[in-house]
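Novice: With this note's numbering applied, the first sequence covers 163 to 737.
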Amino acid sequence: MRTQLCGEVGIGDVGAKVSLCGWVSRRREHGEHLAFIDLRDHSGIVQCVVSGSLDVRSEFVVRVEGTVRERPVGTVNENLSTGMVEIGDCVVEVLARSQVPPFVLDGRVEVDEPLRMRYRYLDLRTDRMQRNLRMRAKANAQIRQTMASLGFCEVETPLLWAPTPEGAREFVVPSRLSPQSFYALPQSPQLAKQMLMVGGIDRYYQIARCMRDEDLRSDRQFEFTQLDMEASFVGQEDVIGFVSEVINDATEALTGVTPDGFERITWAESIDRFGTDKPDLRFAMELVDLTGAFASTNVKAFSGETVKALCVEGGGQFSRSRLDSLVERAKALGAAGLAWFKVNPGEGGELELESPLARHLDSGEITAVFKETRCQAGDLILVVSGEYQRSCLVLGQIRIEIADTKVGDGRYRYVWVVDFPMFDGVDASGCPIPAHHPFTMANPADLELLKTEPRRVRSQAYDLVLNGWELGSGSVRIHRRDVQNTIFEILGITKEDAESRFGFLLDAFDYGAPPHAGFAFGIDRLVSIFAGEESIRDVVAFPKTQSGSDPMTGAPKAIGDAAMKELGLAARSVK
RNA sequence: GGACCUGUGGUGCAGUCUGGAGUGCACGCCGCCCUGUCAAGGCGGAGGUCGCGGGUUCAAAUCCCGUCAGGUCCGCCA
């Protein structure tokens, strides 16, 4: 039907008779003797010259036959990759007509997202979406290549799995053959891949779809894709090595840039220095501890457990209203308040602090603030006092918001965050909550603390962070039933409970489970960062809105009475 | 469950704070003209439930209340 793609036509084809297929991107008519068609397919655009008038409109699908020729002097289009040539003496065959599209596909104006989603098949024709989806395909291909080279075996796991209520809310699927019973769509193939390790697969991976029935965000869809992997007879360092290699290869393949290596930071250090467990290392602006400086202060606002500060370079120019909104933001994030100090040049080259609070500080405190923050004239110092971790997290969030870094600035700062705590807070009944998941192995050095001081126990869990985005996480797993039982006990999961929810896994552990560890990272997030997109919706072919609907198909929808009956279901009103 | 932002011809915006005739800009669309354009150009034209409902007012796109949709965030996402 066609001899080549539109974007492939070049100076080397001059004189050749070609046949091209595509969509009419634009047309320019010059009376009844001359007209131009910009013909588009996924590879690009080429200009076709017609001697006569046209009966085509935008987005008509056409097949064009003509002869490639060099463009006349002075009519070369530098903005087109095919701009040196054009297709002359064209005969145009209309393969399909099109209504006037609801929006223009040239990418010049930002179109409302619901409209793009309702007409996603049109949106996908744009350069942007073509580039994003093809970039994603390239990522998948590169990942498969690297995983295979590392000896990993691709295995598919079921989408219809048993409900294991724990962690994320599951999507459930009613069973027709067992009415009133349900499958669950996997939140991740976590348990399946551990079973594969018991099954001797040794090194498993899968580009796996995961489903979680939780509220959506710009970086979260109900269904998303992970590179899921697990390996036997390996530890944390092996897994970090595997993943670093996969990510390194993918980064090079997609961006042409080789990352400056993968840095390493402990969870505790990341919280202390950056106020988050997913630090963006593209900029510094680290948190400063002023607890010592205010150890014996008379200022009530600074008498909390911790005093943490952030020095914003050049922030002295912030307007009063911006400062007010920062204070509000800090309160919304859970701080008791936020104090600010503008650093002004004073007499004799000294610095001065400008703030409603400044006159309450004694000279020793002021000197300590200058020393600890290493501020300069024109800077802004933000201070939060209160419970240690909360204070860090509040300033960490403000740090990100002030820096306002963009995706797609060409920098890729990978960092491994290690030594996560085993537990994170306690639930209503006072039992520790696993920070990662209940199959995570504790750091051997901390095993004795499990029963005495569980909150001090570090786990063998690790996250990979890119530019402040958590790409994925993994851990060394528990492979012994006795240890797993101990963990369940600490978590307040009874024997019966564990048996009914994870019995199949525990049974498997009775038949020779190898030590194993693994990881999973989000491909949507990785590709969106490389593509310079703020939302993963732009690297997903058919995404859903924040309220979980699909404007194109109308999903979710009610099913008929007959279907309900067959499944043994009855609708009942919610609320 | 909560906070904030947005909703105006097919599309993207301005107009809303400070109420006064559906006012404006750009793109698209339709018709005519045009033999080298490429975001073609020129002339003319069509196209509106100002998301929806209620309230205040002589008068509401504009103010108030409610509601729906979309987005950003908090909660949530082991």
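C-beta: ideal position from N, C-alpha, C; glycine also.
1) I'd like the list of long-range same chain contacts for residue 508, defined as Cβ closer than 6 Å, with 5 residues on each side in sequence excluded.
2) Nearest-angstrom Cα distance between residue 423 and residue 576?
3) Would you tell me roughly how many angstroms separate the C-alpha atoms of residue 276 and residue 705, rounded to the nearest one?
4) From the DSSP output, which residues share a beta bridge with residue 584?
5) From which residue to which residue does the beta strand (DSSP E) around residue 182 run?
6) CB-CB under 7 Å to residue 264, same chain, minus the five flanking residues each way: which ones, in chain order?
7) If you reduce the DSSP assignment to three classes, tell me which class residue 556 lands in.
8) Rounded to whole angstroms, what's the CA-CA distance from residue 430 to residue 546? Just pull it up for me.
9) State whether the region 326-333 contacts the region 659-666, with contact taken as three or more CB pairs (one from each stretch) at a distance under 8 Å.
10) Unbroken beta strand (DSSP E) runs of length 3 or more, entirely within the region 305-392: which are they?
11) Note down the Cα distance separating residue 200 from residue 406, rounded to an integer number of angstroms.
12) To the nearest angstrom, how far is it from the Cα of residue 528 to the Cα of residue 492?
13) Suppose you measure from the CA of residue 294 to the CA of residue 519; what does that come to, to the nearest Å?
14) If we ignore side chains and look at the alpha-carbon of each, how far apart do residue 668 and residue 651 end up?
15) Report the CB separation of residue 168 from residue 203 in whole angstroms; it is logged as a contact under 8 Å.
16) Is residue 595 helix, strand or coil by DSSP?
17) Taking the straight line between their C-alpha atoms, what separation do you get for residue 166 and residue 205?
18) How would you label residue 394, buried or exposed, when you count the other beta carbons within 10 angstroms and need 16 or more for buried?
19) CA-CA distance, residue 249 and residue 240?
20) Tell whether a beta-carbon distance below 7 Å holds between residue 734 and residue 567.
21) With a threshold of 6 Å on Cβ separation, who are the neighbours of residue 745 within its own chain once the five nearest residues in sequence on each side are excluded?
22) Using beta-carbon positions only, say whether residue 336 and residue 731 come within less than 7 Å of one another.
23) Quick check: the region 630-646 against the region 410-425, are there 3 or more CB pairs under 8 Å?
24) Return the residue from the list 736, 246, 163 that minimises the CA-CA distance to residue 749.
25) So, helix, strand or coil for residue 535, using DSSP?
26) May I ask you to list the residues that DSSP assigns as paired with residue 712?
27) Here's a check: name, in chain order, each residue in its chain whose Cβ is nearer than 6 Å to the Cβ of residue 692, leaving out the five neighbours to either side.
28) What do you get for residue 207, buried or exposed, if any count of 16 or more other CB atoms within 10 angstroms of its CB means buried?
29) Report buried or exposed for residue 209, applying the criterion of at least 16 other Cβ atoms within 10 angstroms of its Cβ.
30) Report the residue from 679, 677, 678, 699 whose alpha carbon sits nearest the alpha carbon of residue 687.
31) Secondary structure at residue 418, three-state DSSP: helix, strand or coil?
32) Verify whether the separation of the beta carbon atoms of residue 378 and residue 708 is less than 7 Å.
33) Following the continuous alpha helix (DSSP H) through residue 803, name the residue where it begins and the one where it ends.
34) Could you name each continuous beta strand (DSSP E) segment of 3 residues or more that falls completely within the region 410-482, going from the start of the chain to the end?
35) Pop quiz: residue 345 and residue 355 are said to be a contact at Cβ under 8 Å. What is the actual Cβ separation, rounded to whole angstroms?
36) Let me know if residue 637 comes out buried or exposed under the rule of 16 or more other beta-carbons within 10 Å of its beta-carbon.
Specialist: Short version:
1) For this step, residue 508 is matched to residue 346 along the first sequence. The residues are 514.
2) In the first sequence, residue 423 corresponds to position 261, counting from 1. In the first sequence, residue 576 corresponds to position 414, counting from 1. When rounded, the distance between both Cα atoms is 7 Å.
3) Translated into positions along the first sequence, residue 276 becomes position 114. Translated into positions along the first sequence, residue 705 becomes position 543. Pairing residue 276 with residue 705, the inter-Cα distance amounts to about 10 Å.
4) Numbered from 1 along the first sequence, position 422 holds the residue referred to as residue 584. Per DSSP, none; premise fails for residue 584.
5) As a working note, residue 182 is residue 20 in the first sequence. In the DSSP assignment, residue 182 falls within the beta strand (DSSP E) that extends over 179-191.
6) In the first sequence, counting from the first residue as 1, residue 264 sits at position 102. If the five residues before and after residue 264 are omitted, its C-beta is found closer than 7 Å to the C-beta atoms of 277, 281, all from its own chain and listed in chain order.
7) On the first sequence, position 394 is the one that residue 556 refers to. Residue 556 sits in a helix when the DSSP states are folded into three classes.
8) The sequence position of residue 430 within the first sequence is 268, counting from 1. The sequence position of residue 546 within the first sequence is 384, counting from 1. Each residue's Cα considered, the two are about 19 Å apart.
9) Short answer: they touch.
10) List check, beta strand (DSSP E) in window: 334-336, 344-346, 365-373.
11) As a position in the first sequence, residue 200 is number 38, starting the count at 1. As a position in the first sequence, residue 406 is number 244, starting the count at 1. For residue 200 and residue 406, the distance between alpha carbons rounds to 44 Å.
12) Working through the first sequence from its first residue, we reach residue 528 at position 366. Working through the first sequence from its first residue, we reach residue 492 at position 330. Distance from the CA atom of residue 528 to the CA atom of residue 492, rounded to whole angstroms, is 23 Å.
13) Locating residue 294 in the first sequence gives position 132, where the first residue counts as 1. Locating residue 519 in the first sequence gives position 357, where the first residue counts as 1. Distance between the alpha carbons of residue 294 and residue 519: 50 Å.
14) Mapped onto the first sequence, residue 668 falls at position 506. Mapped onto the first sequence, residue 651 falls at position 489. When rounded, the distance between both Cα atoms is 14 Å.
15) To locate residue 168, count along the first sequence from 1; it is residue 6. To locate residue 203, count along the first sequence from 1; it is residue 41. With a contact defined as Cβ atoms closer than 8 Å, residue 168 and residue 203 qualify at about 5 Å.
16) Locating residue 595 in the first sequence gives position 433, counting from the first residue. Residue state, collapsed to three classes: strand.
17) Within the first sequence, numbered from 1, the residue matching residue 166 stands at position 4. Within the first sequence, numbered from 1, the residue matching residue 205 stands at position 43. Rounded to the nearest angstrom, the two C-alpha atoms are 10 Å apart.
18) Within the first sequence, numbered from 1, the residue matching residue 394 stands at position 232. By the neighbour-count rule (16 or more Cβ atoms within 10 Å), residue 394 is buried.
19) Translated into positions along the first sequence, residue 249 becomes position 87. Translated into positions along the first sequence, residue 240 becomes position 78. Straight-line Cα distance between these residues: approximately 16 Å.
20) Position 572 of the first sequence, counted from the first residue, corresponds to residue 734. Position 405 of the first sequence, counted from the first residue, corresponds to residue 567. No.
21) Residue 745 lies beyond the stretch modelled for the chain, which goes from 163 to 737, so this question has no answer here.
22) Walking along the first sequence from the start, residue 336 turns up at place 174. Walking along the first sequence from the start, residue 731 turns up at place 569. Yes, the pair counts as a contact, with Cβ atoms nearer than the cut-off.
23) Contact fails between the region 630-646 and the region 410-425, because fewer than three Cβ pairs, one in each stretch, are under 8 Å apart.
24) The structure shown does not extend to residue 749, since the chain spans only 163 to 737, so no value can be given for it.
25) The count along the first sequence starts at 1 and reaches residue 535 at position 373. In the structure shown, residue 535 adopts helical secondary structure according to DSSP, grouped into three states.
26) Position 550 of the first sequence, counting from 1, holds the residue named residue 712. According to DSSP, which records beta bridges pairwise, residue 712 is partnered with nothing at all.
27) The count along the first sequence starts at 1 and reaches residue 692 at position 530. For residue 692, same chain residues with a beta-carbon under 6 Å away, outside a window of 5 residues either side, are 416, 417 in chain order.
28) Position 45 of the first sequence, counted from the start, is the residue given in the question as residue 207. Classification of residue 207: buried, given that the 10 Å Cβ count is 16 or more.
29) As a working mapping, residue 209 is identified with position 47 in the first sequence. With 16 or more other CB atoms across the displayed protein chains lying within 10 angstroms of its CB, residue 209 is buried.
30) To locate residue 687, count along the first sequence from 1; it is residue 525. Selected option, being the one with the closest Cα: 699.
31) Working through the first sequence from its first residue, we reach residue 418 at position 256. It is coil, neither helix nor strand.
32) Position 216 of the first sequence holds residue 378. Position 546 of the first sequence holds residue 708. The Cβ atoms of residue 378 and residue 708 lie closer than 7 Å to each other.
33) Residue 803 cannot be examined here, being either before or after the span of the chain that is shown, 163 to 737.
34) Taking only runs of at least 3 residues, the beta strand (DSSP E) segments lying wholly in the region 410-482 are 424-428, 449-451, 468-474.
35) The sequence position of residue 345 within the first sequence is 183, counting from 1. The sequence position of residue 355 within the first sequence is 193, counting from 1. Contact flag wrong, Cβ pair sits at about 18 Å.
36) Residue numbering aside, residue 637 sits at position 475 when the first sequence is read from its first letter. Answer is buried; the Cβ neighbour count reaches 16.
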